[in-house]
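Notes follow the structure.
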Amino acid sequence: MKVSGGVRVTNYLLSIDIGTSSCKVVIFDIDGNVIGSSSKAYNVYYPKKGHAQQDPDEWWQATCEAIKEATLTSGVDKSAIAGIGVDGQSWSAIAIGKDGQVLTQTPIWMDTRAKDICDRLNREVGEDAIFDLCGNSLQPSYTTAKIVWYKENMHDVYRNISAILQSNSFIVYKLTGNMSQDKSQGYGFHCFDMARGKWDYDMARTMGIDTSFLPDIYECHDVVGRVSKEAAMLTGLLEGIPVVAGGLDAACGALGVGVVEAGQTQEQGGQAGGMSICIDEYKAHKALILGYHVIPNLWLLQGGTVGGGGVMRWFEKEFADYERSQAKYLRKSSFDLLNELASEVAPGSDGLVFLPYMMGERSPIWDPNAKGVYYGLDFSKTKGHMVRASMEGVAFSLKHNLDIAREVGVEANELRAMGGAANSHVWTQIKADVTGKEIKVPSSDTATAMGAAILAGVGVGLYKDFEDAANRLVKIKRHHSPNIENCDIYMKNYEIYLELYNNLKGLMKKYGGN
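As structure tokens, then:
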């Protein structure tokens, strides 16, 4: 324990990030420096077409292992950890039983099994009534229809549910024993009043959801409990450390790159893609996603796409055997070599256009049958063309969402990039050129985890407020200004991108995405 003048100093923050592919634990000092970190992977299960699910108990096991490793390798005095923040992926539906155990694997954000339920509820309850309450259209990716799916397909599970939790609130529960629902994850429920930040129990009952499943709602920086004796034994942490409610990973990422006022926008480059535009008044669009920011009294108008950094992970896995074989000799990564291939191809990829709909698509088209497409292949095209076209396709999906936001008067004034894709200079420049927006890249590769840490820091009083924390912790390392000539080139391909989907969506629907 650090002591200054006989007073205990607690100046470290521990954050837990429950991502789609892994759990990351990061320990920060109060200036945002990474003192220790660890990442542990887990599985995504695809038992049937349209099903994508994970085991929350695997999340918890990975969390315990990562906490132990991060604290051990960092050498941090555990008594100096002031607080814990947790962020997590969206739209889980973790069924907790009356004995506190997980009843079944949870469908995750990629899962589309509940499409028919959404269609029925939209007819019976009314699309407009649902949207007017929660600011989001009812889609199978959200939490709502997954709960109803349990009710109609897993009767034993449904009758034994005591609470439905999100990814971050589940980890908070395992750490503290307390059930919670943070505001930023409320958008997954279509019985959540987005204007007031409260449950609408009448809508829950109308949709057939037991209101007892809905935990109390907290601000994201509220301390909801402390590390329990049992959790301390499993994680190696000290009992009694404060734990805040935490929030959505995209919202924490927005905070972690310094999005703290209206107009500032986070550009997501993790497994998924998209954007989060900070707004200070309620504005919703049926094709986009509206949720609370992790900062009180602010919202995020979001575009969430399936194709983000995951597109390049897929491409590297399937088509980069040569690059992997060369990487160790060149002392580079296979992704570095793919980036070099992309940089050798002219903007526009000589007419090759990619639709990044690798497992259906979320906003703004909301089509679970959508599929990835390369259009314009011929004998002149190389692997480099395919790499660059893949990057450009993801950038087009970003632009599509930004364009839709303008329809309700929401404009992004600058983009702040985060996620693994932000490490690619060529990809980030492509996004700047396609969108016509200045892109700033903060210095940390741990923006999401930093956002969760800031929540903990504000919650326990280490920072005066969110602006103070952002000014202190967020440092910009790169700027990408749009190249006007490239913008003009990309507009032609963007028009092809939009027209391709419009021409193919009937075919995709007819054959169920096969």
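Going by our numbering, the sequence shown opens with residue -8, and the numbers climb by one from there.
Where a beta carbon is used, it is the ideal one built from N, C-alpha and C, also for glycine.
Sorted by chain position, which residues of the same chain lie with C-beta nearer than 8 Å to residue i's C-beta, five sequence neighbours on each side aside?
| i | result |
| --- | --- |
| G(-4) | Because G(-4) carries a pLDDT of 42, less than 50, the predicted location of this residue cannot be relied on, and the following value inherits that uncertainty. Once the five neighbours on either side are set aside, G(-4) has no close Cβ partner at all. |
| W305 | M349 |
| L329 | M303, F306, E307, A311, E314, V378 |
| V(-2) | Unreliable positioning characterises V(-2) in this predicted model, as indicated by a pLDDT of 41, which lies under 50. The coordinate reading is nonetheless provided below. No residues qualify anywhere along the chain. |
| L491 | V344, L346, V364, Y366 |
| V25 | V17, I18, F19, S435, T437 |
| N34 | Q45, D46, E49 |
| N494 | none |
| L229 | K69, S70, I72, V218, A223 |
| K374 | F310, L332 |
| N2 | K(-7), D20, I21, A71, A73, L453 |
In chain order, what residues of the same chain have a beta carbon less than 7 Å from the beta carbon of residue i, not counting five sequence neighbours either side?
| i | result |
| --- | --- |
| S12 | A32, Q262 |
| V401 | I268, I270, K274, L292 |
| N151 | G88, K89, L94 |
| K106 | P131, P359 |
| P287 | E210 |
Please identify the residue among the options whose C-alpha is closest to the C-alpha of residue i.
| i | options | result |
| --- | --- | --- |
| S244 | K323, K319, D48, A444 | Per the sequence shown, residue 244 should be read as Gly rather than Ser. Of the candidates K323, K319, D48, A444, the one whose C-alpha sits nearest the C-alpha of G244 is A444. |
| V202 | W190, N151, Y209, Q80 | In the sequence under discussion, the amino acid at residue 202 is Thr, which differs from the Val named in the question. If we check each option's Cα against that of T202, W190 comes out closest. |
| K506 | K496, R407, G497, M441 | Lying outside -8 to 505, the shown extent of the chain, residue 506 is not represented and no answer is given. |
| D102 | T95, S83, L94, A120 | S83 |
| R196 | V465, K142, V248 | K142 |
| G339 | T62, Y481, Y133 | Y481 |
| P131 | G41, A241, K501 | G41 |
| K428 | D147, I155, M266 | M266 |
| P98 | K59, W140, F457, T64 | W140 |
| D369 | S381, S81, D341 | D341 |
| G27 | Q52, I9, K59, W100 | K59 |
| R397 | I430, A278, R322, G282 | A278 |
| V148 | G91, V116, I421 | G91 |
| G126 | E258, Y283, A61 | Y283 |
| G247 | H471, D119, L464 | L464 |
| D456 | D184, V251, S381 | V251 |
| A43 | D327, K15, Q96 | Q96 |
Quick one: residues in its chain with C-beta nearer than 6 Å to the C-beta of residue i, no 5 flanking neighbours on either side, listed in chain order?
| i | result |
| --- | --- |
| Y273 | A186 |
| L225 | C55 |
| A253 | C269, I270, D271 |
| S6 | V17, G76, A440, A443, A444 |
| T256 | M266, I268, A403, L406 |
| P206 | A154, M170, S171, Q172 |
| G301 | Q262 |
| H212 | V235, L446, V449, G450 |
Quick test of your reading: residue i and residue j, contact by CB under 8 Å. State the CB separation rounded to the nearest angstrom.
| i | j | result |
| --- | --- | --- |
| H376 | V425 | The pair is not a contact, with the Cβ atoms about 17 Å apart (cut-off 8 Å). |
| N414 | D436 | 7 Å |
| D519 | A222 | There is simply no residue 519 to check, as the chain begins at -8 and stops at 505 in what is shown. |
| I85 | P47 | 5 Å |
| A423 | G74 | So it is not a contact: roughly 36 Å between Cβ atoms. |
| T167 | R217 | 6 Å |
| G260 | G411 | 6 Å |
| G249 | P433 | 7 Å |
| V385 | G294 | That pair is no contact at about 12 Å. |
| V285 | G238 | 4 Å |
| N113 | L129 | 6 Å |
| E383 | I421 | 6 Å |
Since residue i is in the alpha helix (DSSP H), which residue starts that stretch and which ends it?
| i | result |
| --- | --- |
| C233 | Per the sequence presented here, residue 233 reads as Pro, with Cys not at that position. Segment 233 to 235 is the beta strand (DSSP E) holding P233; no alpha helix (DSSP H) there. |
| C55 | 47 to 65 |
| T11 | Where T11 is concerned, there is no enclosing alpha helix (DSSP H), given that its DSSP letter is neither H nor E. |
| R196 | 192 to 197 |
| A386 | 374 to 397 |
| L368 | Where L368 is concerned, there is no enclosing alpha helix (DSSP H), given that its DSSP letter is neither H nor E. |
| S160 | 158 to 167 |
| F326 | 325 to 334 |
Starting from residue i, follow the beta strand (DSSP E) in both directions and report where the run begins and ends.
| i | result |
| --- | --- |
| E405 | 405 to 409 |
| Q293 | 290 to 296 |
| D312 | No beta strand (DSSP E) holds D312; the alpha helix (DSSP H) holding it covers 312 to 321. |
| V25 | 25 to 32 |
| V218 | Neither: V218 is in no beta strand (DSSP E) and is coded neither H nor E. |
| F180 | Where F180 is concerned, there is no enclosing beta strand (DSSP E), given that its DSSP letter is neither H nor E. |
| G74 | 72 to 79 |
| V35 | Careful: V35 lies outside any beta strand (DSSP E) and carries neither H nor E. |
| L346 | 344 to 346 |
If you measure from the beta carbon of residue i to each beta carbon in chain D, is any gap under 8 Å?
| i | result |
| --- | --- |
| T11 | No chain D is present in this structure, which holds just one protein chain. |
Run through the stretch 85 to 151 for me and flag every whole alpha helix (DSSP H) of 4 or more residues, listed as ranges in chain order. 106 to 112, 118 to 125, 134 to 144, 146 to 150
Within the stretch 419 to 500, note down every full alpha helix (DSSP H) run reaching 4 residues or more, in order along the chain. 438 to 450, 457 to 464
Please give me, in chain order, every unbroken run of the beta strand (DSSP E) with length at least 3 that falls completely inside the stretch 226 to 283. 233 to 235, 255 to 260, 264 to 270, 280 to 283
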